[in-house]
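Novice: Just dropping this structure here.
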Amino acid sequence: MNWKNTVTIITGAGSGIGKATSDLLMKEGGIVYNLDLCTPDIIDPYFIKCDVSNRDDIASAVNEVFIKEGKIDYVFSNAGVHLFATLEETSFEQMESVVSINIFGTFYLLKSVIPIMKKQMNGSIVLMGSDQALVGKASSSVYGFTKGAIGQLTKSTAIDYAPFNIRVNCVCPGTIQTPLLDRAVAQFSIKSGINTAEVFDSLNSVQPLGRIGRPEEIAKTVMFLLSDDSSFTTGSLVSVDGGYVCQ
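Structure representation (structure tokens):
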């Protein structure tokens, strides 16, 4: 597929899977806007400071992209946070924070881009799910329910907007080497008293492929789902997890 001059919005493209996806698309000649709170180290004309949990921020950022480019071809709703805690250990404030970013942030982005794509009669969207949209994990009740919600949002939105030639899919990564994982491992290490090296060894060992994934491996799947190469795929939750959920 020719990505030259295509316009993509990615939330949280400053690091991890978002950055890996942005790098891939830009390498192919695409125009990629990064909506993020973290300001990049170098000046980036395609960076828009944006709090995804703030609907006005999202609406303003999407409108800015549309005014500049006249279209929005692709969207990857990637921004999210993790919380390692049981339900009893989770404060109301923590729950509200995770939900506001993971669920509301995704919803606000869809609310802003769908009307534009409807007028275009074209568009492709990928939402960031998780293996926890498909299976449960210990000490992850709030994070898991946000990802389950995103899985259902994917399916319903795909059905509603298929008549407008808008496709919506969900990528469901397993354990991937990202800053999000590093923070989660650090939390677990403090809580359990197990050193981080041992935690990572354990994470590698429970994957059928014997290792955790790399951000670029998820990015390639996102790129496929966004592209016309997946033109008959919509409403799908696509596992990229080294075989974890098929056990």
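Just so you know, numbering that gives the first Met the number 0 puts the end of the sequence shown at 246, numbered straight through with nothing missing. Positions of the beta carbon are idealized from the N, C-alpha and C atoms, including for glycine. In this text the structure is predicted, and so the values were computed from the model without any measurement.
1. Should the stretch 103-110 be called in touch with the stretch 47-66, which here means at least 3 C-beta pairs below 8 angstroms?
2. Going by DSSP, name the residue or residues bridged to residue 170.
3. Between the Cα of residue 127 and the Cα atoms of 113, 153 and 43, which residue gives the shortest distance?
4. Which first and last residues belong to the beta strand (DSSP E) in which residue 76 is found?
5. Can you give me the Cβ contacts of residue 161 inside the same chain, cut-off strictly under 7 angstroms, excluding the 5 residues immediately before and after it?
6. Buried or exposed for residue 72, going by 16 or more other Cβ atoms inside 10 Å?
7. Given a cut-off of 8 angstroms, decide if residue 7 and residue 29 are closer than it, judged by their beta-carbon atoms.
8. Given 8 angstroms as the limit, is there contact between the stretch 163-174 and the stretch 116-125, that is, 3 or more CB pairs closer than that?
9. Please look up how many angstroms separate the CB atoms of residue 16 and residue 177, rounded, as I've assumed it's under 8 angstroms.
10. When the distance is taken between beta carbons, is residue 82 closer than 8 angstroms to residue 97?
11. For residue 33, list the residues DSSP reports as bridge partners.
12. Counting only runs that start and end within the stretch 50-116, where is the beta strand (DSSP E) found for 3 or more residues in a row?
13. Under 8 angstroms: do the stretch 185-193 and the stretch 205-216 share three or more Cβ pairs, one atom per stretch?
14. Judging by CA-CA distance, which residue of 240, 0, 245 and 236 is the nearest neighbour of residue 155?
15. Out of 43, 40, 78 and 111, which one is the CA nearest neighbour of residue 60?
16. If we count the other Cβ atoms within 10 Å of its Cβ and call it buried at 16 or more, is residue 245 buried or exposed?
17. Return the CA-CA distance between residue 199 and residue 179, expressed in angstroms with no decimal places.
18. Pop quiz: residue 239 and residue 173 are said to be a contact at Cβ under 8 angstroms. What is the actual Cβ separation, rounded to whole angstroms?
19. Would you kindly work out how many angstroms separate the C-alpha atoms of residue 78 and residue 46, rounded to a whole number?
20. With DSSP collapsed to three states, give me the class of residue 191.
21. Is DSSP giving residue 41 helix, strand or coil here?
22. Considering Cα atoms alone, identify which of 62, 44, 119 and 141 is closest to residue 90.
23. Output needed for residue 219: all residues of its chain with C-beta closer than 8 angstroms, excluding positions within five of it in sequence on either side, in chain order.
Specialist: Walking through what the data contain:
1. Pairwise C-beta distances place the stretch 103-110 in contact with the stretch 47-66, as three or more of them are shorter than 8 angstroms.
2. Here residue 170 refers to the residue found at position 171 of the sequence shown. According to DSSP, which records beta bridges pairwise, residue 170 is partnered with 127 and 237.
3. Within the sequence shown, the letter at position 128 stands for residue 127. Taking only the C-alpha atoms, the option nearest residue 127 is 153.
4. In the sequence shown, the residue the question calls residue 76 occupies position 77. For residue 76, the enclosing beta strand (DSSP E) begins and ends at 73-76.
5. The residue given as residue 161 occupies position 162 in the sequence shown. For residue 161, where only same-chain residues beyond five positions count, the Cβ hits under 7 angstroms are 233.
6. Residue mapping note: residue 72 aligns to position 73 of the sequence shown, counting from 1. With 16 or more other Cβ atoms within 10 Å, it is buried.
7. What you label residue 29 is simply residue 30 of the sequence shown in a count that begins at 1. What you label residue 7 is simply residue 8 of the sequence shown in a count that begins at 1. With contacts defined by Cβ atoms closer than 8 angstroms, residue 29 and residue 7 form a contacting pair.
8. Judged by Cβ distances under 8 angstroms, the stretch 163-174 makes contact with the stretch 116-125, as three or more pairs qualify.
9. In the sequence shown, counting from the first residue as 1, residue 16 sits at position 17. In the sequence shown, counting from the first residue as 1, residue 177 sits at position 178. 6 angstroms between Cβ atoms; contact.
10. Residue 97 sits at position 98 when you count from the first residue of the sequence shown. Residue 82 sits at position 83 when you count from the first residue of the sequence shown. Their beta carbons are under 8 angstroms apart, which means residue 97 touches residue 82 by this criterion.
11. By one-based count along the sequence shown, residue 33 stands at place 34. 9 and 46, per the DSSP bridge assignment.
12. 73-76, all fully within the stretch 50-116.
13. Look at the beta carbons and you see the stretch 185-193 not touching the stretch 205-216: under three pairs across the two are nearer than 8 angstroms.
14. As a first step, residue 155 is located in the sequence shown; it is residue number 156 there, counting from the start. Nearest option by C-alpha distance: 236.
15. Here residue 60 is taken as the residue at index 61 of the sequence shown, counted from 1. When each option's Cα is compared against that of residue 60, the closest is 111.
16. Locating residue 245 in the sequence shown gives position 246, counting from the first residue. Exposed.
17. The residue labelled residue 199 in the question sits at position 200 within the sequence shown. The residue labelled residue 179 in the question sits at position 180 within the sequence shown. If you take the alpha carbons of residue 199 and residue 179, they lie about 14 angstroms apart.
18. Position 240 of the sequence shown, counted from the start, is the residue given in the question as residue 239. Position 174 of the sequence shown, counted from the start, is the residue given in the question as residue 173. A Cβ-Cβ separation of about 7 angstroms places residue 239 in contact with residue 173 under the 8 angstroms criterion.
19. Counting from 1 along the sequence shown, the entry for residue 78 is found at position 79. Counting from 1 along the sequence shown, the entry for residue 46 is found at position 47. Going by the C-alpha atoms only, they are around 14 angstroms apart.
20. Translated into the one-based positions of the sequence shown, residue 191 becomes position 192. Of the three classes helix, strand and coil, the one that applies to residue 191 here is helix, per DSSP.
21. What you label residue 41 is simply residue 42 of the sequence shown in a count that begins at 1. The answer is coil: DSSP assigns residue 41 none of H, G, I, E or B.
22. Reading the sequence shown from its first residue, position 91 is the one you call residue 90. Answer by Cα proximity: 141.
23. Taking the first residue of the sequence shown as 1, we reach residue 219 at position 220. Leaving aside the five residues that flank residue 219 on each side, the residues in its chain whose CB is nearer than 8 angstroms to its CB run, in chain order, 23.
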